[in-house]
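A.B. asks: The structure that follows is given in the form of structure tokens.
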Ligand code: NAP
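Below is the structure:
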């Protein structure tokens, strides 16, 4: 039976470390401040925003919430972002996605100052990630690297297969695994013989966005399987992209959903916020 990679426990461990670090920074007069912007009242977004603000409170990061109404224009949002970019009290800016259809997500993400882009989505920061410069690491993939490291799964020299090539998960995941010296393959909906490719993996990261997609035929005996997906099944239960019951008897290690990758995303956001406030001292 596979080792269960406990994201809830590891995320808590990281938040405790960050809380201690935030305390030390406060003693030096540095208090990180995250501005969270939400447009509209999408219930799922409201839950994510609430959880982020709770994590800020726990770690000791100031959080400011800006809510714009669903009908807000792109210019309204860009004006707010410009104001936050210029506010020296604000170290990190996070715009909760998705945005209503009248707003161009790309324009908004590009308007955030790269120095305050704690989600790591700005093209400048994506570029830095690709060329191996220090930058804000995108939270979900960075959380997966921490999960692997803190569960004793070594990455260097290992065959890593990422299923999915989105800008927020698949691509940055591949970059981070490469940075850790993994041998990385990115796969997607046009990949031929996906099962055979996936079975090469020592580390298999699944971010396809399809509930229960990954079954044991994709998994080499003993592989570490990381499930990024978040869905609700027919009984309204949270589930992932991996058929956990089918895969766990063959995997060497596996993340559950819920309680795997999900909690890590927020703790990595908290880490980026502390990086942001520390950078203000370095750059002075
Ligand atoms: P996405 O943008 O929909 O990307 C899905 C990727 O999967 C695409 O690259 C797509 O390939 C690929 N794909 C789809 N069907 C496939 C198939 N049959 N075989 C191989 N590849 C296939 O999704 P995402 O934003 O990366 O998110 C993936 C999942 O992770 C979602 O369930 C999302 O809710 C979840 N998520 C969780 C967290 C967290 O904190 N835990 C964070 C972000 C996302 P093409 O490019 O060829 O279309």
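In this note's numbering, the protein residues as written are 160 to 443.
Built from N, CA and C at the ideal position, the CB exists for glycine as well.
Note that the structure is predicted; figures quoted are calculated from it, not measured.
1) For the ligand NAP, is there any heavy atom lying closer than 7 Å to the beta carbon of residue 349?
2) To the nearest angstrom, report how far apart residue 177 and residue 348 are at their CA atoms.
3) Consult DSSP for residue 336 and reduce its assignment to one of helix, strand or coil.
4) Suppose you measure from the CA of residue 373 to the CA of residue 431; what does that come to, to the nearest Å?
5) Given this structure, state the Cα-to-Cα distance separating residue 322 from residue 365, to the nearest angstrom.
6) Does the distance between the C-beta of residue 211 and the nearest non-hydrogen atom of the ligand NAP fall short of 7 Å?
7) Mind listing, in chain order, the continuous alpha helix (DSSP H) runs of no fewer than 4 residues lying wholly within the stretch 249 to 283?
8) Alpha carbons only, please: which of 420, 221, 238 and 217 is nearest the one belonging to residue 112?
9) How big is the Cα-Cα spacing for residue 411 and residue 175?
10) Can you tell me whether residue 166 is buried or exposed? The criterion is at least 16 other CB atoms within 10 Å of its CB, across all chains shown.
11) From residue 200 to residue 206, what distance separates their C-alpha atoms?
12) With the cut-off set at 8 Å, would you say residue 208 and residue 198 are in Cβ contact?
13) Mapping the DSSP letters down to three states, classify residue 201 as helix, strand or coil.
14) In terms of DSSP beta bridges, what is residue 398 paired with?
15) Consult DSSP for residue 357 and reduce its assignment to one of helix, strand or coil.
16) Label residue 275 either buried or exposed according to how many other C-beta atoms from any shown protein chain fall within 10 Å of its C-beta, with 16 as the threshold for buried.
17) Which stretch, first to last residue, makes up the alpha helix (DSSP H) that contains residue 327?
18) According to the neighbour-count rule (16 or more other Cβ atoms, all chains shown, within 10 Å of its Cβ), is residue 439 buried or exposed?
19) To the nearest angstrom, report how far apart residue 216 and residue 222 are at their CA atoms.
20) Within 10 Å of its beta-carbon, does residue 334 have 16 or more other beta-carbons around it, so buried, or fewer, so exposed?
21) The beta strand (DSSP E) spanning residue 343 covers which residue range?
22) Counting only the same chain and skipping the five closest in sequence on each side, list residues whose C-beta sits under 7 Å from that of residue 409.
23) Residue 320: beta carbon under 7 Å from a heavy atom of the ligand NAP?
24) Would the C-beta of residue 389 count as close to the ligand NAP, meaning under 7 Å from any of its heavy atoms?
C.D. replies: Walking through what the data contain:
1) yes
2) 38 Å
3) If DSSP states are grouped into helix, strand and coil, residue 336 belongs with the helices.
4) Going from the Cα of residue 373 to the Cα of residue 431 covers about 31 Å.
5) 5 Å
6) no
7) 264 to 270
8) Missing from the structure shown is residue 112; the chain here goes from 160 to 443 and no further.
9) 28 Å
10) buried
11) 10 Å
12) It is not a contact, given that the beta carbons lie outside the stated cut-off.
13) coil
14) 390, per the DSSP bridge assignment.
15) Three-state result, residue 357: helix.
16) Within a 10 Å sphere around the beta-carbon of residue 275 sit 16 or more other beta-carbons, which makes this residue buried.
17) Where residue 327 is concerned, there is no enclosing alpha helix (DSSP H), given that its DSSP letter is neither H nor E.
18) Exposed.
19) 8 Å
20) So residue 334 counts as buried.
21) Membership of residue 343 in the beta strand (DSSP E) is indicated by the continuous run 342 to 346.
22) 375, 378 and 380
23) no
24) yes
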